[in-house]
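Protein sequences appear in the order of chains L and A. Residue numbers for the first sequence follow the numbering used here, so the first one is -15 and each next one is one higher. Residue numbers for the second sequence follow the numbering used here, so the first one is 31 and each next one is one higher.
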Amino acid sequence: MDDTLQLDIVAPDKLLVREQVDQVQIPGKRGELGILPGHAPLITELTIGEIRYMQGGTLHYLSVAWGFAEVLPNRVIILADTAERAEEIDIKRAQEAKARAEAELKQAGADTHYEALQYALRRAEVRLQVAAHAGHVAPAH
Amino acid sequence: MANIRDIRRRIRSVKNTRQITKAMKMVSAAKLRRAQERALAARPYSLMITNVLRSLVSRTDLVNEQTGEPLHPLLAQRPEKNILLVLVTGDRGLAGAFNSNVLKAALKFIAFFKDKNIDIAAVGRKGRDFMRRRYPFATPESPTRAGEVQLVGEHLNLLGKLEYEAVAEIVERVVQAYMDERIDSVYVIYNEFKSVISQRLIAQRILPVQEIGRREVVLTEEFTLEERERMGEAAKGAGISLKEPPESEEERRAKEFPAPGIDYIYEQPPAEIFRDMLPRYATLQLFQGMLESVAAEHAARMTAMDSASNNANDVIDSLTLTANRARQAAITKEIIEIVSGAAAL
């Protein structure tokens, strides 16, 4: 068996990643999944979190909101609502979103959509966390 | 007799106009090309989600066996009392009949469902302005209706830089309203665009979902042959292909997703994945419709500007002819004056 995986990450408006990779970590809804070549066929939903993939000794990071992944022995396909490479994340926007969500959570009343706010906060946090890795990664292309 | 100087001035003015319409035509052609690419690039994701949902359908019971109730609220068919109509027009004019075609289709739709309550959400300034003049505005939360047909939302400047996330936000609210049973069905009216010469106006139902992978078109309005020919001519002049773009490699691969005949491990129960994914299906349908509408708008503007440039050419030709005649008449008159003056001596 080949010792690499083909990783495809497809966003609603484009194909974001198509690479041969050595290993992928994805944020499954029920916990993180590490996938190596030869993995059993699997289907899972992704939650807000970071996707990491190892390619020739370098780790690449992406942030993802909701997604869906299909794992085959030699291929991983991820459908992601929104996914961004670490180096493409707008840190300022993420910080603003985080501050906004926190402020709204603080003065939350009975009619606040807690879930939506928590979700927004979590997303902003993950984006910042992923963006922090951008400096350590060689440009993807 | 027309003054030669006046005519010359008019020719200059028409030439200036022609310059502008030609430039707008080329700009629209470039934007059309980009819009077509975007619509194409959005297809693999949409196909894949559709295919996954289809494969999940075979693994989950969509209907409660005892009660016959659909397990997902978005599949629930209710008698249609309150309808939400998402109307996709452009933000700007000078696009020939593009906006008025969509609005005409919308009026037809409203007439067709005349005994129902219709909430209109207008995407694009032109549709908003038109509906605002005709129907009262009401916030979606207001307890009483402002009228049988009312405007409930407007989304301006969304189409210029159309993002999936923005559409997802809109659909999220729509889905909520649907689940709260404030609305019983959702339709979208837009200009479908497969290629420059293959377009039509359609009203498509996006909620409830009846069958995954099948579009539910309730009304269509085809373009006339003449309109299509005009569009085709304008496109040829701007170097735009008339054919539907060929299937991309991504699209071909997307069709084979998920791989058939494989026994997967499901991390979550298929029903749960299905439940989370179904609203996205609705979002994608709206997103795709908007992408096509944007392409159609640019195509319409390109065609309108091509016609305007042609008309300007005609006007210039006829004015030049008039100017030449006037000049010749003046010369003839002078000659006659000289000749008759000489004869009198």
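We treat Cβ as the ideally placed atom computed from N, Cα and C, and that holds for glycine.
Counterpart residues of residue i in DSSP-defined beta bridges
i	result
L:M38	L:Q7, L:L43
A:E237	A quick correction: the sequence has Leu, not Glu, at residue 237 of chain A. Per DSSP, A:V216.
A:Q180	A:D149
A:E251	A:L231
A:S225	A:S228
L:Q(-10)	L:Q4, L:R59
L:L30	L:G12, L:G51
L:K(-2)	L:A(-5)
A:F167	A:L181
L:R69	L:L46
A:A207	A:A207 pairs with nothing; no bridge assigned.
L:L17	L:I10
L:A64	L:G51
A:E246	A:R235
Chain-ordered chain L contacts of residue i [CB-CB under 9 Å]
i	result
A:Y165	Neighbours of A:Y165 on chain L: none; closest Cβ ~29 Å, over 9 Å.
A:A198	P(-4), D65, T66
A:F317	P(-4), D(-3)
A:R68	D(-3), K(-2)
A:E322	What A:E322 touches in chain L: nothing, since even the nearest Cβ is about 14 Å away.
A:R212	Those do not exist, as A:R212 stays about 17 Å from chain L at its closest Cβ, beyond 9 Å.
Amino acids of chain L, ordered along the chain, whose beta-carbon sits closer than 8 Å to that of residue i
i	result
A:D293	P25
A:M78	V(-6), I61, L63
A:R162	Per Cβ cutoff of 8 Å: no residues; A:R162 is ~29 Å from chain L at best.
Selected residue, minimal CA-CA separation from residue i, among the options
i	options	result
L:D(-13)	L:I(-7), L:I62, L:I19, L:E109	L:I19
A:T57	A:R42, A:L115, A:E110, A:A125	The amino acid occupying residue 57 of chain A in the given sequence is Val; Thr does not appear at that position. When each option's Cα is compared against that of A:V57, the closest is A:A125.
A:Y75	A:A152, A:L314, A:P103, A:R108	A:L314
L:E193	L:Q4, L:E29, L:A24, L:P25	Given a span of -15 to 125 for chain L in the structure shown, any question on residue 193 of chain L remains unanswerable.
A:Q318	A:L351, A:E195, A:I361	A:E195
L:Q4	L:I61, L:K(-2), L:A24, L:E34	L:I61
A:V201	A:Y311, A:A325, A:T51, A:D344	A:Y311
A:V226	A:L255, A:R73, A:M54, A:F142	A:L255
L:A118	L:Q91, L:E80, L:E72, L:A100	L:E72
L:V55	L:I10, L:A104, L:I75, L:V114	L:I10
A:R42	A:T350, A:R355, A:I361, A:L375	A:T350
A:L114	A:F143, A:A198, A:T362	A:F143
L:K13	A:I303, A:T80, A:R35	A:I303
A:M446	A:A136, A:P173, A:A141, A:R175	Residue 446 of chain A lies beyond the residue range present for chain A, which begins at 31 and ends at 375; the question has no answer from this structure.
A:E281	A:A59, A:R38, A:I79, A:P166	A:I79
A:S323	A:P276, A:L188, A:M307	A:L188
L:A53	L:M38, L:R2, L:L26, L:K90	L:L26
L:A81	L:L(-11), L:Q91, L:Q102	L:Q102
L:Q113	L:K90, L:A78, L:E99, L:D6	L:A78
A:I37	A:A284, A:I346, A:E199, A:P290	A:I346
A:I34	A:A353, A:A59, A:R230, A:R175	A:A353
L:G22	L:Q39, L:P57, L:G40	L:P57
A:R244	A:R40, A:A207, A:R235, A:F287	A:R235
A:Q206	A:K52, A:P309, A:Y165, A:G262	A:P309
A:E184	A:P173, A:P166, A:G291	A:P166
L:Y37	L:D(-3), L:E99, L:P(-4), L:Q(-10)	L:Q(-10)
A:D91	A:L133, A:R305, A:A53	A:R305
Residue i: contacting residues in chain A (beta-carbon distance under 8 Å)
i	result
L:G12	E297
L:L56	A289, I292
Per-residue contacts from residue i into chain L (C-beta, under 7 Å)
i	result
A:L195	The question names Leu, but residue 195 of chain A is Glu in the sequence shown. Per Cβ cutoff of 7 Å: T66.
A:V82	F52
A:E280	L(-1)
Contact list for residue i against chain A, beta-carbon separation under 9 Å
i	result
L:V8	Result: empty, since nearest Cβ-Cβ is about 15 Å, beyond 9 Å.
L:E29	E297, Q298, E302, I303, D306, M307
Neighbour list for residue i in chain A, Cβ cutoff strictly below 7 Å
i	result
L:K(-2)	A71
L:A(-5)	Y75
L:I61	F287
Neighbour flag for residue i against chain D, beta carbons, 8 Å
i	result
A:L314	Of the protein chains in this structure, namely L and A, none is chain D.
Can we say the stretch 82 to 93 of chain L touches the stretch 214 to 222 of chain A, given the rule of at least three CB pairs closer than 8 Å? no
Any contact of the stretch 56 to 70 of chain A with the stretch 260 to 279 of chain A, i.e. 3+ C-beta pairs under 8 Å? yes
Segment contact, 8 Å Cβ cut-off, at least three pairs: the stretch 67 to 82 of chain L with the stretch 44 to 59 of chain L: yes
Give a yes or no on contact between the stretch 334 to 353 of chain A and the stretch 37 to 47 of chain A, applying the rule of three or more CB pairs nearer than 8 Å. yes
At which residue ranges does the stretch 65 to 150 of chain A contain complete alpha helix (DSSP H) runs of 4 or more residues, listed in the order of the chain? 73 to 87, 128 to 142
Tell me whether the stretch 30 to 37 of chain L and the stretch 100 to 113 of chain L touch, counting them as touching only if at least three CB pairs, one residue from each stretch, are closer than 8 Å. yes
Report yes or no: do the stretch 131 to 149 of chain A and the stretch 173 to 186 of chain A share at least 3 C-beta pairs separated by less than 8 Å? yes
Touch check for the stretch 111 to 124 of chain A and the stretch 152 to 169 of chain A: three-plus C-beta pairs under 8 Å? yes
Stretch pair the stretch 222 to 240 of chain A + the stretch 294 to 307 of chain A: three plus CB contacts closer than 8 Å: no
Pair every Cβ in the stretch 124 to 139 of chain A with every Cβ in the stretch 318 to 335 of chain A, then say whether three or more of these pairs are closer than 8 Å. yes
Run through the stretch 260 to 334 of chain A for me and flag every whole alpha helix (DSSP H) of 4 or more residues, listed as ranges in chain order. 279 to 285
State whether the stretch 234 to 253 of chain A contacts the stretch 103 to 112 of chain A, with contact taken as three or more CB pairs (one from each stretch) at a distance under 8 Å. yes
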